[in-house]
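J.: Before we start, here is the structure in question, set down as structure tokens.
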Amino acid sequence: MTDDVAAARAAAEEKSAFSHAPVDPDATAAYGDHPDQVIDFFAPRRAGGPGPAPVVVVLHGGAWRAPYDRRHISPFADFLARRGFAVASVEYRRGGDGGSLAGRWPDTFDDVAAALDALPALVRELLPQAHPRRTVLTGHSAGGHLALWGAARHVLPADSPWRSGSPVTLRGVVALAPIADLAIADKLDVCGGAARQLLGGDEHFAERQPYADPALLLPTGIATTLVQGRADLDVPQAVAESYAEAAAKAGEMVGVTLLEDVGHFPLIDPAADACAVVVEEIAQLAW
Numbered sequence: 004m005t006d007d008v009a010a011a012r013a014a015a016e017e018k019s020a021f022s023h024a025p026v027d028p029d030a031t032a033a034y035g036d037h038p039d040q041v042i043d044f045f046a047p048r049r050a051g052g053p054g055p056a057p058v059v060v061v062l063h064g065g066a067w068r069a070p071y072d073r074r075h076i077s078p079f080a081d082f083l084a085r086r087g088f089a090v091a092s093v094e095y096r097r098g099g100d101g102g103s104l105a106g107r108w109p110d111t112f113d114d115v116a117a118a119l120d121a122l123p124a125l126v127r128e129l130l131p132q133a134h135p136r137r138t139v140l141t142g143h144s145a146g147g148h149l150a151l152w153g154a155a156r157h158v159l160p161a162d163s164p165w166r167s168g169s170p171v172t173l174r175g176v177v178a179l180a181p182i183a184d185l186a187i188a189d190k191l192d193v194c195g196g197a198a199r200q201l202l203g204g205d206e207h208f209a210e211r212q213p214y215a216d217p218a219l220l221l222p223t224g225i226a227t228t229l230v231q232g233r234a235d236l237d238v239p240q241a242v243a244e245s246y247a248e249a250a251a252k253a254g255e256m257v258g259v260t261l262l263e264d265v266g267h268f269p270l271i272d273p274a275a276d277a278c279a280v281v282v283e284e285i286a287q288l289a290w
């Protein structure tokens, strides 16, 4: 496939994923005082399996940049709810400077940690039909990075303010085209240098990487699957493979589901076959 054809296909996939109207949640709750410190909740639309509905925590992507918020992933959240899951879609603070910068240090990480800590109580309050101890964490692209990071807080350095004393109660993590290895993503200039920007630029990248890079926070002891399109031009397959290799070296097996002729956005596009594959991967861990 020529570069022009690949780029045209990627553009069509992105257009399709963003063509769906945002879906309003059933409830929204704050986990902090900032306007971005909120979580949208989608109740399950039907029974998806035996017992109370599992909870899927969704972290949206967008290179940790301000123009991309949780609204763009709400059709995916609704897609999950229609398949029997209770869904919690987390918003968090992203980069400023008119949207050109990726992430805020330490705000982005403060928010994800605070949201995950607040979730069990909020789920019990707002999703009574859900089972808060049957939770799967998922995220797309930059959100995939945050999902992997959120599941690894118990192995953060001892002086990290985000370190948790014990592993979070998760059935597993399904990371979708995740920016899973910040060093490799930086070398490949993924999303226009977003990984380096997330950690505060050149002067801070190396010192902050042990606190933020999922590929350095292994093993987690939590069942983890990466779903990756082989034709992804935004976050290349090499990033996911590098994380899986790092996990193997740490003595942990991470599942990697590679989808042929699939780019970056079909994974969260309800109109795409790849999205159904994602739901099946989540279901395998959730029930």
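Convert by adding 3 to the 1-based position in the sequence shown; the result is the number in the working numbering. Even glycine gets a Cβ: it sits at the ideal position worked out from N, Cα and C.
Pull up the distance between the alpha-carbon of P131 and that of A84, whole angstroms please.
T.: Roughly 14 Å separates the two Cα atoms.
J.: Rounded to whole angstroms, what's the CA-CA distance from R68 to Q231? Just pull it up for me.
T.: Each residue's Cα considered, the two are about 21 Å apart.
J.: Nearest-angstrom Cα distance between G2 and Q212?
T.: The structure shown does not extend to residue 2, since the chain is modelled only from 4 through 290, so no value can be given for it.
J.: What do you reckon, are the CB atoms on E94 and D120 nearer than 8 Å?
T.: No; because the gap between Cβ atoms is not below 8 Å, this pair is not in contact.
J.: Going by CA-CA distance only, name the one from L191, A215, A289, V139 that's closest to R166.
T.: Nearest of L191, A215, A289, V139 to R166, Cα basis: A215.
J.: Which residues share a DSSP beta bridge with I182?
T.: Answer is none; I182 lacks a bridge partner.
J.: What first and last residue would you give for the beta strand (DSSP E) that runs through A9?
T.: Premise fails: A9 lies in the alpha helix (DSSP H), 6-20, not in any beta strand (DSSP E).
J.: Could you give the distance in angstroms between the alpha-carbon of T260 and the alpha-carbon of G98?
T.: For T260 and G98, the distance between alpha carbons rounds to 30 Å.
J.: Decide if A188 is buried, meaning its Cβ has at least 16 other Cβ atoms within 10 Å, or exposed.
T.: Buried.
J.: Please list the terminal residues of the continuous alpha helix (DSSP H) segment that includes S77.
T.: Per DSSP, S77 belongs to the alpha helix (DSSP H) from 77-84.
J.: For the alpha helix (DSSP H) containing I42, list its first residue and its last residue.
T.: Per DSSP, I42 belongs to no alpha helix (DSSP H); it is in the beta strand (DSSP E), 41-45.
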